[in-house]
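Chemist:
Protein chains in written order, with this note's numbering: chain A, 41 to 281; chain B, 41 to 281.
1) So which residues on chain E does residue 268 (chain B) lean against when the C-beta distance must stay under 8 Å?
2) Strictly below 7 Å CB to CB, what residues from chain A border residue 313 (chain B)?
3) What does the alpha-carbon distance come out to for the pair residue 257 (chain B) and residue 179 (chain A)?
4) Could you tell me whether the Cβ atoms of residue 260 (chain B) and residue 201 (chain B) are closer together than 7 Å?
5) Comparing the C-beta of residue 177 (chain A) with each C-beta of chain B, is any distance below 7 Å?
6) For residue 172 (chain A), which three-state DSSP category applies?
7) Looking at the structure shown, is residue 157 (chain A) part of a helix, part of a strand, or coil, going by DSSP?
8) Could you pull out every unbroken beta strand (DSSP E) segment of at least 3 residues lying fully inside the segment 168-254 of chain A, listed in chain order?
9) Using the Cα positions of residue 128 (chain B) and residue 252 (chain B), report the straight-line distance between them to the nearest angstrom.
10) With a Cβ-Cβ cutoff of 7 Å, do residue 265 (chain B) and residue 240 (chain B) count as a contact?
11) Hey, is residue 277 (chain B)'s beta-carbon within less than 7 Å of any beta-carbon in chain A?
12) Counting along the chain, where does the alpha helix (DSSP H) carrying residue 99 (chain A) start and finish?
13) At the 7 Å Cβ level, is residue 173 (chain B) part of the contact set with chain A, yes or no?
14) Does any residue of chain A bring its CB to less than 7 Å from the CB of residue 215 (chain B)?
15) Applying the criterion that 16 or more other CB atoms from any shown protein chain within 10 Å of the CB defines a buried residue, is residue 44 (chain B) buried or exposed?
16) Going by DSSP, what residues sit across from residue 109 (chain B) in a beta bridge?
17) DSSP three-state label for residue 66 (chain A), please.
18) Hey, does residue 72 (chain A) have any beta-carbon neighbour from chain B nearer than 7 Å?
19) When the distance is taken between beta carbons, is residue 157 (chain B) closer than 7 Å to residue 163 (chain B)?
20) Leaving out five residues on either side along the sequence, give the residues of the same chain with a beta carbon under 7 Å from the beta carbon of residue 58 (chain B).
21) Let me know the secondary structure DSSP gives residue 262 (chain A) once reduced to three states.
22) For the segment 238-249 of chain A, list every residue whose C-beta sits within 9 Å of some C-beta in chain B, in sequence order.
23) Give me the DSSP bridge partner(s) of residue 78 (chain A).
24) Based on Cα-Cα distance, which residue from B:187, B:242, B:101 lies nearest to residue 172 (chain B)?
25) So, helix, strand or coil for residue 151 (chain A), using DSSP?
26) Could you spell out where the beta strand (DSSP E) holding residue 135 (chain B) opens and where it closes?
27) Once you ignore the five residues that flank residue 91 (chain A) on each side, which residues in its own chain have a CB closer than 8 Å to its CB?
28) Would you give the residue range spanned by the beta strand (DSSP E) that residue 52 (chain B) belongs to?
29) Out of A:84, A:80, A:142, point me to the one whose CA is closest to residue 102 (chain A)'s CA.
30) For the candidate residues B:133, B:234, B:209, whose alpha-carbon lies nearest to that of residue 254 (chain B)?
31) Excluding sequence positions up to five away, which residues of its chain have a Cβ less than 7 Å from the Cβ of residue 112 (chain A)?
32) Looking only at its chain, what residues have a beta carbon closer than 6 Å to the beta carbon of residue 211 (chain A), apart from the 5 residues adjacent to it on each side?
33) Distance check for residue 197 (chain A) and residue 270 (chain A), CA to CA, integer angstroms please.
34) Pull up the CB-CB distance for residue 82 (chain B) and residue 116 (chain B), whole angstroms please, since I reckon it's below 8 Å.
35) Round the Cβ separation of residue 235 (chain B) and residue 177 (chain B) to the nearest angstrom and send it over; I've been treating them as touching at under 8 Å.
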């Protein structure tokens with residue numbers, strides 16, 4: 041499998057004072073709700089697209105920032121996407137979360153342009169919302185068309201992560217959902233299961249109601265750029281040292 | 041000092057087959073010449089700006105890729121800026137280089153748009169050229185105006201790096217040059233020595249002839265975004281763990 045790349049950069053404002061909680065093992069978990077507007081330019085023109093992302097910060101960093109952050113604070117986040125599975129009432133569930141590695145509050149000042157939403161939450165204009173991913177496709181790309189005839193491609197990406205834990209090197213795989221629109225979607229349609237690709241894009245949220253009536257959320261990557269990686273006789277990357 | 045962030049992402053084409061050499065200590069060093077066109081949108085409209093960057097890859101990765109790359113190959117590079125000093129004929133010299141941490145050849149194919157320059161070198165259109173930096177200003181920002189009246193701000197940035205070497209944690213500081221234009225330059229003019237800032241921008245090269253008649257080159261970051269970080273009672277980041 042191609043080496044994994046899994047980086048997320050966000051700049052937005054906190055919609056609320058973050059909640060601190062502790063795992064049963066005593067680890068601090070800080071949940072941040074970050075909001076921003078992306079300026080997106082494509083074939084259809086320039087639009088401002090709002091986003092709301094929940095970001096988790098763990099451990100020492102969470103404790104450091106737990107009491108210092110208020111609603112409206114502009115923040116820079118460097119992080120990654122984390123795939124997580126669990127069981128609830130005998131059913132297997134999975135989710136993709138944004139995990140912050142580092143957090144840096146920005147000085148807002150007069151230059152900070154914001155908009156207020158219907159719930160009174162402050163959203164930063166000209167936010168930053170970027171993901172860079174490298175992995176292998178978990179299935180052939182599915183190309184569909186919206187009722188208006190706009191092509192949209194969906195693909196699954198398996199991103200390898202190698203961390204040094206207490207028991208030596210540990211391997212984890214993050215299963216992520218990627219979509220592409222228009223020209224990029226049509227190009228992507230030829231990509232096949234197993235192919236290694238580079239994805240650059242924005243994080244977007246989607247929600248739907250499950251068959252049991254529950255609201256479900258998914259974090260996807262909306263690709264602005266997709267590149268096929270070469271395999272070059274097994275050389276394509278190799279795992280990160 | 042605020043924690044350092046030092047990341048560079050490039051996508052471009054190789055202008056030549058890379059040169060491999062070895063340090064006196066036996067470490068492989070691969071020098072890559074990468075070229076691309078950035079699509080830059082600002083107050084003056086949209087322009088395609090060419091760039092040529094030299095990228096160094098060291099050690100095991102250099103040996104892995106040494107024989108596999110040819111001129112014209114599209115590449116993705118994840119790396120950082122490295123500040124280096126040395127002495128030559130009793131004079132102290134310094135340079136900023138682009139150091140690749142990882143290299144991934146892309147499959148070009150029919151979608152790869154390129155232009156050929158006057159020397160017959162192939163340059164990728166719609167390249168990627170992004171730097172994300174966090175550090176402290178080494179001096180007050182200097183604001184000047186071009187003969188046409190365009191504001192340009194120059195600043196020095198000290199970026200901390202903490203690596204785990206054989207003798208434990210090692211600290212290094214990279215001294216980088218950053219510039220900003222127009223509105224961003226005028227805003228930046230109020231930044232003072234010592235302030236922690238976040239810089240997002242493109243890598244650009246500048247060259248001039250020294251007093252001794254030699255051609256000198258410098259790699260600068262042209263900021264597209266600048267943000268003041270808060271210090272928040274000494275909490276601003278702290279070094280990376």
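All C-beta atoms, glycine included, are put in the ideal place defined by N, C-alpha and C.
Modeler: The structure says:
1) No chain E is present in this structure, whose protein chains are A and B.
2) In the structure as shown, chain B begins at 41 and stops at 281. Residue 313 (chain B) is therefore absent and cannot be evaluated.
3) 47 Å
4) no
5) no
6) strand
7) coil
8) 168-177, 182-185, 191-205, 208-221, 236-249
9) 13 Å
10) yes
11) Note on residue 277 (chain B): pLDDT 43, under 50, position unreliable in the model; no value is reported.
12) 99-105
13) no
14) no
15) buried
16) In DSSP, residue 109 (chain B) forms no bridge with anything.
17) coil
18) no
19) yes
20) 70, 71, 72, 109
21) strand
22) 238, 240
23) A:89
24) B:242
25) helix
26) 131-145
27) 52, 75, 76, 77, 78, 167, 169, 242, 243, 244, 245
28) 45-54
29) A:142
30) B:133
31) 53, 54, 162
32) 202
33) 16 Å
34) The pair is not a contact, with the Cβ atoms about 25 Å apart (cut-off 8 Å).
35) 5 Å
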